[in-house]
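Quick notes on the structure that follows.
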Amino acid sequence: MRKSARIPSRRGAGELESEVLAALWGAERPLTTADVQHAVDRELAYNTVQTILSRLYEKGLVSRAAEGRRHLYRPNKGAEELAAEQMQALLRRGPNRQSVLQRFATSLSEEDAEALRAMLKLRRRRR
Amino acid sequence: MTVSVYIPVALSVLVAAISWLMAARLSPTRGTVITVVGAAVLCAAGTTWALVLLALSLLGFTTLAVEEATERGVVLVQPVPGVVGVLAAVALTYGVVRVVRVARARWATRRELRKLCLSCAPGELAVVPVAEPHAFAVPGRPGRVLVTQGLLALLDGKERRVVLAHERAHLAGRHHGLRATVEVCAAINPMLVPVREAVAFLVERSADEHAATVSGSREVTARALAKAALAEASGPRHAALGFIACAVSARVAALHAAPPRPDRLLPGGFLLLGAGATVAAVQATLAFYRLVHWLWLG
Numbered sequence: 000m001r002k003s004a005r006i007p008s009r010r011g012a013g014e015l016e017s018e019v020l021a022a023l024w025g026a027e028r029p030l031t032t033a034d035v036q037h038a039v040d041r042e043l044a045y046n047t048v049q050t051i052l053s054r055l056y057e058k059g060l061v062s063r064a065a066e067g068r069r070h071l072y073r074p075n076k077g078a079e080e081l082a083a084e085q086m087q088a089l090l091r092r093g094p095n096r097q098s099v100l101q102r103f104a105t106s107l108s109e110e111d112a113e114a115l116r117a118m119l120k121l122r123r124r125r126r
Numbered sequence: 000m001t002v003s004v005y006i007p008v009a010l011s012v013l014v015a016a017i018s019w020l021m022a023a024r025l026s027p028t029r030g031t032v033i034t035v036v037g038a039a040v041l042c043a044a045g046t047t048w049a050l051v052l053l054a055l056s057l058l059g060f061t062t063l064a065v066e067e068a069t070e071r072g073v074v075l076v077q078p079v080p081g082v083v084g085v086l087a088a089v090a091l092t093y094g095v096v097r098v099v100r101v102a103r104a105r106w107a108t109r110r111e112l113r114k115l116c117l118s119c120a121p122g123e124l125a126v127v128p129v130a131e132p133h134a135f136a137v138p139g140r141p142g143r144v145l146v147t148q149g150l151l152a153l154l155d156g157k158e159r160r161v162v163l164a165h166e167r168a169h170l171a172g173r174h175h176g177l178r179a180t181v182e183v184c185a186a187i188n189p190m191l192v193p194v195r196e197a198v199a200f201l202v203e204r205s206a207d208e209h210a211a212t213v214s215g216s217r218e219v220t221a222r223a224l225a226k227a228a229l230a231e232a233s234g235p236r237h238a239a240l241g242f243i244a245c246a247v248s249a250r251v252a253a254l255h256a257a258p259p260r261p262d263r264l265l266p267g268g269f270l271l272l273g274a275g276a277t278v279a280a281v282q283a284t285l286a287f288y289r290l291v292h293w294l295w296l297g
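Residue numbers (numbering that gives the first Met the number 0), protein chains in the order written: chain A, 0 to 126; chain B, 0 to 297.
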């Protein structure tokens with residue numbers, strides 16, 4: 000791999016939208032623009048975050064409420080409860096059906112889990 | 000029939016053994032993955048065809064051929080024993096049943112995943128309000144990234160970016176198609192199951208490498224992976240353990256090591272073995288054809 004590949008590449012607008020949306024979904028409470036900036040990437044320009052949030056709002060993917068002079072953003076939940084039920088049903092399927100799902104992470108033995116936990120702890124201490 | 004009819008089977012075993020031993024050491028480049036998939040396809044095709052030829056021997060060509068040969072005073076290469084013909088027919092039938100089963104399961108899960116995505120808001124990202132941490136790539140036009148709220152809550156901004164990049168890499172690289180292909184190969188020829196698992200591992204590694212490039216940090220990628228794996232493992236266990244045990248640990252270890260260098264020799268070796276299986280099948284076909292031709296036309 001070339002050295003230049005280590006520098007974070009510039010993201011497309013669509014990718015940023017997903018990241019902002021993911022941050023809003025991952026937060027427990029509604030977020031201000033500054034919160035979102037903090038939760039996504041501190042190096043991101045405030046104005047960029049603002050633009051993305053407006054775009055998501057126009058698309059109806061997030062809702063916003065005014066709080067003083069700021070806006071508080073939260074993800075719009077549509078038929079997501081239905082999606083949750085469908086997901087639970089899908090996860091209950093047997094291994095034959097499971098193999099089709101391309102998961103982010105699978106198969107972990109107890110030993111491996113222990114090793115990973117140790118690794119995470121170690122890195123945290125070093126920081 | 001000649002010995003070449005059994006060669007595809009032997010080569011399948013060889014390809015399976017090599018992918019089993021080398022999966023963790025192969026570099027997960029697109030070229031390597033495609034070569035391994037290609038070798039699996041060639042082996043599966045060769046074996047299936049060889050089984051067809053062996054099963055056809057049940058039709059009585061060989062007995063006829065032997066009688067004919069003794070009459071004419073010609074010495075024949077040893078004919079296929081009846082047992083082998085029966086075994087081949089059974090294996091072939093079982094293989095077809097397995098392929099149908101795999102195809103049905105894939106089809107049903109795909110449909111369910113699409114339906115799931117339709118219940119979510121439009122856009123690339125589909126979030127399901129489920130506490131268990133999961134992330135899937137859902138192929139389609141356009142493909143979507145399906146993530147649970149539980150996973151998003153667990154990770155920080157950079158780690159979420161890793162997950163998104165990882166799933167996007169699956170979609171962009173059409174990894175589902177590659178996996179489906181080897182799955183069918185392993186269904187028709189169970190000896191290729193290790194190849195299926197090797198490909199599953201390689202596409203995960205490939206997506207990890209892509210995520211590491213996008214996020215700019217192998218360290219953050221490894222951390223996101225470890226966090227997700229631990230959280231997923233602590234919940235109720237849904238999936239059966241993969242064939243290549245400790246796949247996640249192997250992936251984390253690979254991310255802590257230096258970026259992989261492209262392989263040079265191994266992909267070629269894979270293709271060579273696959274090609275060998277095909278050539279042997281063709282040779283067996285020719286022998287079979289000659290036999291039939293000789294029987295009918297003298």
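For glycine and all other residues, C-beta sits at the position ideal for the given N, C-alpha and C. As the structure is a prediction and not an experimental result, all values here were calculated from the model.
Close beta carbons around residue i, own chain, < 6 Å, minus the five adjacent residues each side
i	result
Gly-241/B	With a pLDDT of 36 at Gly-241/B, under the threshold of 50, the modelled position of that residue is not reliable, and no figure is offered here.
Ala-280/B	Pro-7, Gly-45, Trp-48 and Ala-49
Ser-8/A	Residue confidence for Ser-8/A is low, a pLDDT of 46 falling below 50, so the modelled location carries little weight; the figure read from the coordinates is stated next. No residues qualify anywhere along the chain.
Arg-1/A	Summary for Arg-1/A: the model assigns pLDDT 41, below 50, so the residue's position carries little reliability, and this model does not support an answer.
Val-213/B	Ala-164
Ser-3/B	Ala-279, Gln-282 and Ala-283
Leu-52/B	Val-4, Ala-283 and Phe-287
Ala-239/B	Note on Ala-239/B: pLDDT 35, under 50, position unreliable in the model; no value is reported.
Ala-64/A	Leu-71
His-237/B	Any answer about His-237/B is weak, because its pLDDT of 43 lies below 50 and its placement is not dependable; what the coordinates show is given next. Correct list: empty, nothing qualifies.
C-beta contact flag for residue i and residue j at 8 Å
i	j	result
Leu-30/A	Tyr-72/A	yes
Val-19/A	Val-39/A	yes
Leu-57/B	Val-89/B	no
Glu-16/A	Ser-118/B	no
Leu-170/B	Arg-159/B	no
Val-161/B	Ala-104/B	no
Arg-260/B	Ser-26/B	yes
Ala-125/B	Val-144/B	yes
Ala-274/B	Leu-13/B	no
Phe-200/B	Ala-246/B	yes
Ala-301/B	Leu-91/B	The first residue shown for chain B is 0 and the last is 297, placing residue 301/B beyond what the model contains.
Arg-250/B	Arg-204/B	yes
Ala-83/A	Val-127/B	yes
Leu-153/B	Ala-230/B	yes
Residue i burial status per 10 Å Cβ neighbour count (16 or more: buried)
i	result
Leu-264/B	exposed
Arg-140/B	exposed
Gln-148/B	buried
Thr-157/B	Just to set this straight, residue 157/B is Lys in the shown sequence, not Thr. Flag for Lys-157/B reads buried.
Thr-34/B	buried
His-165/B	buried
Leu-191/B	buried
Val-146/B	buried
Trp-106/B	exposed
Thr-69/B	exposed
Gly-67/A	exposed
His-133/B	buried
Arg-167/B	buried
Ala-4/A	Legend: pLDDT at Ala-4/A = 38, less than 50; position of this residue unreliable, value from coordinates given subsequently. Counting Cβ neighbours within 10 Å, Ala-4/A comes out exposed, since fewer than 16 surround it.
Pro-80/B	exposed
Val-82/B	exposed
Leu-296/B	exposed
Sequence-distant residues of the same chain with beta carbon closer than 7 Å to residue i, five excluded per side
i	result
Lys-58/A	none
Leu-43/A	Gln-36
Gly-37/B	Leu-270 and Gly-273
Ala-43/B	Cys-184, Ile-187, Asn-188 and Leu-191
Val-32/B	Leu-177, Val-198, Leu-201, Val-202 and Ser-205
Arg-69/A	Thr-31
Cutoff 8 Å; reference residue i; Cβ partners in own chain excluding five residues on either side
i	result
Gly-30/B	Pro-261 and Pro-266
Thr-47/A	Leu-15
Tyr-101/B	Looking at the sequence itself, residue 101/B is Val, so the reference to Tyr does not match. So the list reads Glu-182, Val-183 and Ala-186, once near-sequence residues are dropped.
Arg-113/B	Val-137 and Gly-139
Ala-253/B	Ala-23, Arg-204, Asp-207 and Pro-259
Secondary structure, beta strand (DSSP E): runs of 3+ residues fully inside the region 107-139 of chain B: Whole beta strand (DSSP E) segments, 3+ residues: 124-127 and 134-137.
Three-pair Cβ contact test at 8 Å for the region 217-225 of chain B versus the region 176-183 of chain B: Using a C-beta cut-off of 8 Å, the region 217-225 of chain B makes no contact with the region 176-183 of chain B, since fewer than three inter-stretch Cβ pairs fall below that distance.
Sufficient close CB pairs (3 or more, under 8 Å) joining the region 80-90 of chain A to the region 196-207 of chain B: The region 80-90 of chain A vs the region 196-207 of chain B: no contact.
The region 181-192 of chain B in contact with the region 46-53 of chain A per 3-pair CB rule at 8 Å: No: fewer than three Cβ pairs fall under 8 Å.
Unbroken stretches of the alpha helix (DSSP H), 4 residues or longer, contained in the region 153-229 of chain B: Those alpha helix (DSSP H) runs which fall completely within the region 153-229 of chain B and span 4+ residues are 156-171, 174-187 and 192-214.
Minimum length 4: unbroken alpha helix (DSSP H) runs contained in the region 14-86 of chain B: Runs found: 29-55 and 60-71.
Entirely enclosed beta strand (DSSP E) segments - the region 18-83 of chain A, minimum 3 residues: DSSP assignment within the region 18-83 of chain A yields the following whole beta strand (DSSP E) runs of 3 residues or more, N-terminal first: 61-66 and 69-74.
Interface positions of the region 71-94 of chain A facing chain D (Cβ-Cβ less than 8 Å), listed along the chain: Included in the structure are the protein chains A and B, with no chain D among them.
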